[in-house]
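Worksheet: one structure, shown below.
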Amino acid sequence: MGIESLGEQSVRVADGWLDLTGDAWTLRADPTTDAWAAVPEALRVQLAFGIPGTVPGCVHTDLMAAGLLADPYVGTAEADQAWVGQQTWSYSFTLNLTGDAEELYADNCDLVCDGLDTVAEIRVNGRTMGTSTNMHRRNVFPIRPNIGIGPNHIEIVFRPALEYAAEMARAVGERIHVEKHPFNLIRKMACNFGWDWGPSLITAGIWKRIGLRSWDHARITDVAVFATATEDESGDWQGNLRVDVQIQGETRFGAVTVRVRGHGVSGEVVGAAQDWTTLDLTLSDIRPWWPHSLGEQPLYDVEVVFHNDIRVLDTVHKRTGFRTVALDTTPDADGNGATFGLVVNGVQIFTRGMDWIPDDCFPSRITPERYRERVQQAKDANVDLLRVWGGGLYEQEAFYEACDELGVMVWQDFALACAAYPEEEPFALEFEAEARDNVIRLSAYPSLVVWNGNNENLWGHEDWGWEAQLQGRTWGADYYYRLFPEIVAELDPTRPYWPGSPSSGPKELYPNDPNYGCIHIWDVWNARDYTCYDDYSPRFVAEFGYQGPATWATWARTLAPEDRSATSAAMLAHQKAAGGNTKLNEGIKGHLPAPGETAEDFDEWLFAMQVQQARAVRYGIERWRSLRGRCLGSIVWQLNDCWPVTSWAALDLGTNEAGEPVARRKPLWYAVRSAYADHLVTVQRGDEGWRAVLVNDGTDTWATRGTIALRTLTGDVLWSQELDETLAPRSRKDVALAQLPTSDRTDVAIVVTAEGAERCVRLLVEDVDADLPEPRYDARVERTESGVALTVTATSFLRSLCIFPDRLSEDAWADSLLVDLFPGDSHTFIIAGDIPEDADTDAALMARPVLRSVTKPLTLSEAV
Ligand code: BMA
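Numbering-wise (the working numbering), the sequence shown opens with residue 7 and increments by one.
And the structure:
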């Protein structure tokens, strides 16, 4: 048949693609609207005449690039920028077509827009070609009859998002939502309007790829790829591939060939072309795709060629991996609950997850490298699943590509969160279109393992008084219980669907029931102490979390020196949670010495609140893993941030000297890494007193020896028992303590050491009540190939020893944090980054505020 081989890249050959991304666009504001009065006077002339526009991009990033808008991430700048979101903006481009332009000779020429944010009208040479009101879907506008030789004016006009939402409120009635703005009345990333960790920066622009595609007769419009794996009796894996190809135009005499290859195997199947052509292919001896916690991530190239006997008409390339995913929801024998666990290639796993939010308020500036770095940071913290939260996006391709390559599973929410959503038109059609679009778009990625109906909308309807306020209006139930599951079943039968996070499954069951499905736990943080995690015995926790401030280096670029205190106006502008600081202050009581809130206390405040955050989340994870079996998943709210803020995130988002984004690790990131390690040792306090729990989520048997001891903080061993346990893969074991401490002694800790796991040190009382001595230690700094090595040898008990090298060099970070040392113990921190080599720096590395541990009070000076 002579089909050209196209190599690895996803390229089209048989039709013309003219890329329109780049910086040749012009951005203008419309001076004839009422909102124009809000535009700062100094900017009016420029904005009416036009400034350079970049695509993909948005108005905010273009204004910043032109020097017309302060960085909203710094200080209180966000507060003065509401005018941006209120304007009508246009992006325009002049396309010069010469007489031999392919676009003019093809039968069809389409303007393909992968993402328009949001209320857009598309004009070509002054004529309206179409509109779009949904940021989450792709648009294709046929424009062939409207272009000609010479200059062609392409213009996309964006109306203000809130104006459109107000129109929708008049048309279908208001609906209850959290936060200030009615994000539920427009199909735009919800958190763009402000969230309890994010600013309100209402964007507009062409946020994804745009281009012109010219084609004759017929073209491929969509390709869906579904790859599953089955193991035969001899342990060989078979790959099953289904490819659905949608073709627009003339299919007669055409054929579709699908070729798959990789890792030494290849296969091919040919079928007659139809509007929708479905081809199945079975491959033997494939290597299955696994999450990184279970194995490797072999990926296979899939080439889809639409052709006739004479030539190739269109080609699409995809990449996939073979694996079978399922949700185990087997009912309990007593009928009072059900399992809820992910099963990959037949293996039931305990999910070690984190929730993912958009990595920037301006998603168009998230590069593939940045996605990859963020997913790598998650993987490095032993995270094997990211839940893409419904108040954000169906992410860009590079996110899923990184997850595929790094073995991080994705739980994808449909993009609805914390609100009632109307079921009337135009919404019903938009939801259907966006669901179809994204289910197909993301089909090939093996990392994507679950589709989920929404975030907290079922719970809100049940528990937050929505039912009364709705007065019979629609709220989205039809989407979660009918539309989305029907679309997933029709277009992607290889993936499980769950109605919501949280949800117990069937409509009749209370959505946040700990005996069923997935739950969210938010009374801890909002109202209760974190030890109340012990009151829960859930099946799967899809959200729980605790706030803590960003790192010092991130604040240093966000706050002027005089604003660096817990309660400055600028700092509070970066604390978006209702009563956030009060909850921090209340929550720390009884655990850690409460820090002051003045500028002098800023170091103490950051340290104490960050340690509290890390401990609270670690406490929760250890509880869920200690229940392994009944509980099969933990998803921490949240991995990342979209700007510099005090939030639930483990990674903050700041910038470096070059203005590049940097996600610095907060102490929580280290705590998650420890708590999610394959081998976990934890000490839990139950009704019968204390017990040690060993958990093995590794792929191999874990045979371990060690001791369980009661030690004084001065280092004496009061009693100890031997530990000698063998744990099968994916199992846990309770180990009773031979002697139980009789009272809550303030001077002792239960210490469990087990080969192959991090040592567990559990004080019997909280730090505020413990006899924490004044810290004493020896320290030494060495320069090694892997970085600066700081070795600390304790001469007194050191509690939660941390090093914050970002105090000395903003890009520096340590390999470990939050270490407990008994007298005589040593620990070496390896510090990466640009640390100056001089005596003053060495001295600084060995003392507060760079090196520090929990003391009573926190302000106590720490001796070297
Ligand atoms: C849940 C999430 C988010 C929120 C978080 C912290 O409601 O789904 O909406 O940011 O809690 O409050």
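Virtual Cβ for every residue (Gly too), placed ideally from N, Cα, C.
Pick helix, strand or coil for residue i, following the three-state DSSP scheme.
i, result
"residue 125", "strand"
"residue 184", "coil"
"residue 102", "strand"
"residue 47", "helix"
"residue 737", "strand"
"residue 197", "helix"
"residue 437", "helix"
"residue 873", "Any property of residue 873 remains undetermined from this structure, which presents the chain solely from 7 to 870."
"residue 330", "coil"
"residue 619", "helix"
"residue 828", "coil"
"residue 610", "helix"
"residue 654", "coil"
"residue 861", "coil"
"residue 368", "coil"
"residue 388", "coil"
"residue 553", "coil"
"residue 770", "coil"
"residue 24", "strand"
"residue 281", "coil"
"residue 856", "coil"
"residue 510", "coil"
"residue 632", "helix"
May I ask which residues mark the beginning and end of the alpha helix (DSSP H) holding residue i?
i, result
"residue 491", "490-497"
"residue 680", "673-681"
"residue 645", "From DSSP, residue 645 is part of no alpha helix (DSSP H); its letter is neither H nor E."
"residue 176", "167-178"
"residue 591", "586-594"
"residue 409", "403-412"
"residue 71", "65-71"
"residue 563", "558-564"
"residue 476", "472-476"
From the DSSP output, read off the bridge partner residues of residue i.
i, result
"residue 189", "Partner(s): none; residue 189 has no beta bridge."
"residue 287", "247"
"residue 453", "DSSP, once it has assigned bridges, lists no residue as partnering residue 453."
"residue 311", "263 and 321"
"residue 697", "690 and 742"
"residue 667", "661"
"residue 518", "None; residue 518 has no bridge partner."
"residue 115", "220"
"residue 800", "783"
"residue 822", "In the DSSP output, where bridge partners are listed per residue, residue 822 has none listed."
"residue 159", "100"
"residue 504", "458"
"residue 424", "DSSP output for residue 424 lists no bridge partner at all."
"residue 875", "One cannot answer for residue 875 here, as it falls past the ends of the chain, which runs 7 to 870."
"residue 541", "Residue 541 pairs with nothing; no bridge assigned."
"residue 131", "Paired residues: none, contrary to the question."
Could you give the first and the last residue of the continuous beta strand (DSSP E) run that contains residue i?
i, result
"residue 144", "Run containing residue 144: none; DSSP gives neither H nor E here."
"residue 785", "783-790"
"residue 533", "Looking at the DSSP string, residue 533 is not in any beta strand (DSSP E), and its letter there is neither H nor E."
"residue 708", "708-718"
"residue 60", "57-61"
"residue 754", "754-760"
"residue 417", "415-419"
"residue 350", "347-350"
Just checking: is the beta-carbon of residue i within a distance shorter than 9 Å of some beta-carbon in chain B?
i, result
"residue 679", "Absent from the structure is chain B; it holds one protein chain and no more."
Item to complete: Would you check if the segment 356-372 and the segment 183-200 touch, i.e. whether three or more CB-CB distances between them fall below 8 Å?
Response: yes
Discussion item. Would you call the segment 760-772 in contact with the segment 699-716, where contact means no fewer than 3 C-beta pairs closer than 8 Å?
Written reply: yes
Practice prompt. Determine contact between the segment 460-474 and the segment 243-262, defined as no fewer than three beta-carbon pairs at a distance below 8 Å.
Written response: no
Discussion item. When you compare the segment 474-491 with the segment 433-452, are there three or more beta-carbon pairs, one atom per stretch, that lie closer than 8 Å?
Written reply: yes
Item to complete: Answer yes if the segment 612-626 comes into contact with the segment 590-598, meaning at least three C-beta pairs across the two stretches below 8 Å, and no otherwise.
Response: yes
Item to complete: Could you tell me whether the segment 659-672 touches the segment 816-823, using the rule of 3 or more Cβ pairs below 8 Å?
Response: yes
Discussion item. Contact between the segment 329-340 and the segment 29-46 is defined here as three or more beta-carbon pairs at a separation below 8 Å; is this criterion met?
Written reply: no
Item to complete: Mind the definition here: the segment 254-268 touches the segment 311-329 only if three or more C-beta pairs lie below 8 Å; say whether that holds.
Response: yes
Worksheet entry | the segment 398-416 / the segment 449-459 touching (three or more Cβ pairs under 8 Å) | yes
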